[in-house]
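**Student:**
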Amino acid sequence: MKKELIAALLLILLFSGTLVNIGVNDKMMQRLNAEVKDAYDSAASGDWGKAQQRLDTAISHWLSMDGYTHIFIRHSEIDATTEAFYSMMSDLCAEDSGSLEGSYGMLHAQLLSLIGMEHVSIGSIF
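Read left to right, the sequence shown gives residues 26 to 151 (the working numbering).
Here it is in C-alpha coordinates:
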(Lines of atoms letter the chains of each structure in order from A and count residues from 1; the text may use other names and numbers.)
(Lines give C-alpha, C1' and ligand atoms only; values in the text may rest on other atoms or scores of the structure.)
Protein backbone atom coordinates (compact mmCIF):
# COMPACT_ATOMS: atom_id res chain seq x y z
CA MET A 1 0.00 0.00 0.00
CA LYS A 2 2.91 2.36 0.68
CA LYS A 3 4.19 1.98 -2.89
CA GLU A 4 0.80 2.86 -4.33
CA LEU A 5 0.54 5.90 -2.09
CA ILE A 6 4.02 7.08 -3.06
CA ALA A 7 3.20 6.53 -6.75
CA ALA A 8 -0.05 8.50 -6.39
CA LEU A 9 1.76 11.34 -4.61
CA LEU A 10 4.40 11.43 -7.35
CA LEU A 11 1.70 11.61 -10.02
CA ILE A 12 -0.01 14.45 -8.16
CA LEU A 13 3.32 16.25 -7.82
CA LEU A 14 4.05 15.76 -11.52
CA PHE A 15 0.63 17.06 -12.53
CA SER A 16 1.02 20.05 -10.19
CA GLY A 17 4.37 20.82 -11.78
CA THR A 18 2.70 20.68 -15.19
CA LEU A 19 0.06 23.19 -14.10
CA VAL A 20 2.73 25.52 -12.71
CA ASN A 21 4.69 25.24 -15.97
CA ILE A 22 1.58 26.12 -17.99
CA GLY A 23 1.04 29.22 -15.86
CA VAL A 24 4.67 30.33 -16.13
CA ASN A 25 4.72 29.75 -19.90
CA ASP A 26 1.45 31.63 -20.41
CA LYS A 27 2.65 34.61 -18.40
CA MET A 28 6.00 34.84 -20.20
CA MET A 29 4.57 34.44 -23.71
CA GLN A 30 1.71 36.87 -23.08
CA ARG A 31 4.21 39.45 -21.83
CA LEU A 32 6.34 38.95 -24.94
CA ASN A 33 3.27 39.15 -27.14
CA ALA A 34 2.27 42.46 -25.52
CA GLU A 35 5.77 43.86 -26.06
CA VAL A 36 5.71 42.80 -29.71
CA LYS A 37 2.27 44.38 -30.19
CA ASP A 38 3.53 47.61 -28.64
CA ALA A 39 6.40 47.63 -31.13
CA TYR A 40 4.02 47.00 -34.02
CA ASP A 41 1.65 49.73 -32.84
CA SER A 42 4.56 52.19 -32.60
CA ALA A 43 5.59 51.40 -36.17
CA ALA A 44 1.99 51.68 -37.36
CA SER A 45 1.86 55.18 -35.89
CA GLY A 46 5.08 56.07 -37.72
CA ASP A 47 7.50 55.99 -34.79
CA TRP A 48 9.98 53.49 -36.23
CA GLY A 49 12.74 54.26 -33.73
CA LYS A 50 10.49 53.60 -30.75
CA ALA A 51 9.23 50.43 -32.44
CA GLN A 52 12.81 49.17 -32.84
CA GLN A 53 13.57 49.91 -29.19
CA ARG A 54 10.44 48.10 -28.03
CA LEU A 55 11.12 45.07 -30.18
CA ASP A 56 14.76 45.06 -29.07
CA THR A 57 13.50 44.91 -25.47
CA ALA A 58 11.22 42.00 -26.37
CA ILE A 59 14.10 40.19 -28.08
CA SER A 60 16.27 40.70 -25.00
CA HIS A 61 13.51 39.23 -22.82
CA TRP A 62 13.14 36.27 -25.20
CA LEU A 63 16.87 35.56 -25.22
CA SER A 64 17.06 35.87 -21.42
CA MET A 65 14.58 33.00 -21.11
CA ASP A 66 17.12 30.47 -22.42
CA GLY A 67 17.27 28.61 -19.14
CA TYR A 68 13.53 27.99 -19.28
CA THR A 69 12.92 27.65 -23.00
CA HIS A 70 15.69 25.15 -23.67
CA ILE A 71 14.20 22.81 -21.08
CA PHE A 72 10.46 23.16 -21.68
CA ILE A 73 10.11 24.13 -25.35
CA ARG A 74 11.23 22.13 -28.38
CA HIS A 75 14.32 23.48 -30.09
CA SER A 76 12.54 23.75 -33.43
CA GLU A 77 9.98 26.06 -31.80
CA ILE A 78 12.73 28.12 -30.17
CA ASP A 79 14.46 28.50 -33.53
CA ALA A 80 11.23 29.45 -35.33
CA THR A 81 10.39 32.05 -32.68
CA THR A 82 13.87 33.56 -32.71
CA GLU A 83 13.76 33.74 -36.49
CA ALA A 84 10.34 35.44 -36.34
CA PHE A 85 11.68 38.04 -33.88
CA TYR A 86 14.59 38.93 -36.14
CA SER A 87 12.43 38.91 -39.26
CA MET A 88 10.22 41.53 -37.65
CA MET A 89 13.28 43.51 -36.55
CA SER A 90 14.56 43.44 -40.12
CA ASP A 91 11.29 44.91 -41.38
CA LEU A 92 11.37 47.58 -38.66
CA CYS A 93 14.92 48.58 -39.58
CA ALA A 94 13.93 48.78 -43.24
CA GLU A 95 10.80 50.74 -42.27
CA ASP A 96 8.83 48.46 -44.58
CA SER A 97 5.25 48.60 -43.33
CA GLY A 98 4.01 46.06 -45.90
CA SER A 99 6.47 43.38 -44.85
CA LEU A 100 6.11 44.34 -41.21
CA GLU A 101 2.47 43.34 -41.22
CA GLY A 102 3.43 39.84 -42.32
CA SER A 103 6.40 39.44 -39.98
CA TYR A 104 4.34 40.73 -37.04
CA GLY A 105 1.58 38.27 -37.90
CA MET A 106 4.11 35.43 -38.05
CA LEU A 107 5.65 36.34 -34.68
CA HIS A 108 2.26 36.85 -33.06
CA ALA A 109 1.08 33.45 -34.32
CA GLN A 110 4.29 31.79 -33.13
CA LEU A 111 3.92 33.21 -29.61
CA LEU A 112 0.26 32.12 -29.48
CA SER A 113 1.36 28.68 -30.65
CA LEU A 114 3.87 28.47 -27.79
CA ILE A 115 1.04 29.26 -25.38
CA GLY A 116 -1.33 26.72 -26.90
CA MET A 117 1.08 23.82 -27.21
CA GLU A 118 1.76 23.75 -23.47
CA HIS A 119 -1.90 23.50 -22.50
CA VAL A 120 -3.32 20.10 -21.58
CA SER A 121 -5.81 18.84 -24.13
CA ILE A 122 -7.07 15.53 -25.43
CA GLY A 123 -4.71 15.90 -28.39
CA SER A 124 -1.68 16.45 -26.15
CA ILE A 125 -2.49 13.37 -24.08
CA PHE A 126 -3.12 10.88 -26.88
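Glycine included, C-beta positions come from ideal geometry on N, C-alpha and C.
The model shown is predicted, which means the values in this text are computed figures rather than measured ones.
Can you give the Cα-Cα distance for S115 and L38, rounded to whole angstroms?
**Tutor:** Within the sequence shown, numbered from 1, the residue matching residue 115 stands at position 90. Within the sequence shown, numbered from 1, the residue matching residue 38 stands at position 13. Those two C-alpha atoms are separated by around 44 Å.
**Student:** If the criterion is Cβ atoms closer than 7 Å, does the pair K75 and S85 meet it?
**Tutor:** The residue labelled residue 75 in the question sits at position 50 within the sequence shown. The residue labelled residue 85 in the question sits at position 60 within the sequence shown. It is not a contact, given that the beta carbons lie outside the stated cut-off.
**Student:** Just the Cα atoms here: how many angstroms apart are K28 and G141?
**Tutor:** The count along the sequence shown starts at 1 and reaches residue 28 at position 3. The count along the sequence shown starts at 1 and reaches residue 141 at position 116. Cα-Cα distance, rounded: 35 Å.
**Student:** Roughly how many angstroms separate the alpha carbons of Y129 and L36, rounded to a whole number?
**Tutor:** For this step, residue 129 is matched to residue 104 along the sequence shown. For this step, residue 36 is matched to residue 11 along the sequence shown. Spanning the two alpha carbons is a distance of roughly 40 Å.
**Student:** Here's the rule I'm using: 16 or more other beta-carbon atoms within 10 Å means buried, otherwise exposed. How should Y93 be labelled?
**Tutor:** Along the sequence shown, read from residue 1 onward, the residue named residue 93 stands at position 68. Under this definition Y93 is an exposed residue.
**Student:** Count the other C-beta atoms from every protein chain shown that fall within 10 angstroms of the C-beta of A83, then say buried if there are 16 or more, exposed otherwise.
**Tutor:** Residue numbering aside, residue 83 sits at position 58 when the sequence shown is read from its first letter. With 16 or more other Cβ atoms within 10 Å, it is buried.
**Student:** What is the residue span of the alpha helix (DSSP H) that S146 lies within?
**Tutor:** Taking the first residue of the sequence shown as 1, we reach residue 146 at position 121. Careful: S146 lies outside any alpha helix (DSSP H) and carries neither H nor E.
**Student:** First and last residue of the alpha helix (DSSP H) that includes E102?
**Tutor:** Reading the sequence shown from its first residue, position 77 is the one you call residue 102. It spans 100–119 - the alpha helix (DSSP H) in which E102 sits, taken as one unbroken run.
**Student:** So which of A134, V145, H144, S146 has the shortest CA-CA distance to N58?
**Tutor:** Position 33 of the sequence shown, counting from 1, holds the residue named residue 58. Closest by alpha carbon: A134.
**Student:** If you draw a straight line from the alpha carbon of S112 to that of S89, how long is it in whole angstroms?
**Tutor:** Numbered from its first residue, the sequence shown carries residue 112 at position 87. Numbered from its first residue, the sequence shown carries residue 89 at position 64. Rounded to whole angstroms, S112 to S89 spans 19 Å at the Cα level.
**Student:** Using 7 Å as the threshold, is the C-beta distance between E143 and N50 below it?
**Tutor:** On the sequence shown, position 118 is the one that residue 143 refers to. On the sequence shown, position 25 is the one that residue 50 refers to. Yes, these two residues count as a Cβ contact at 7 Å.
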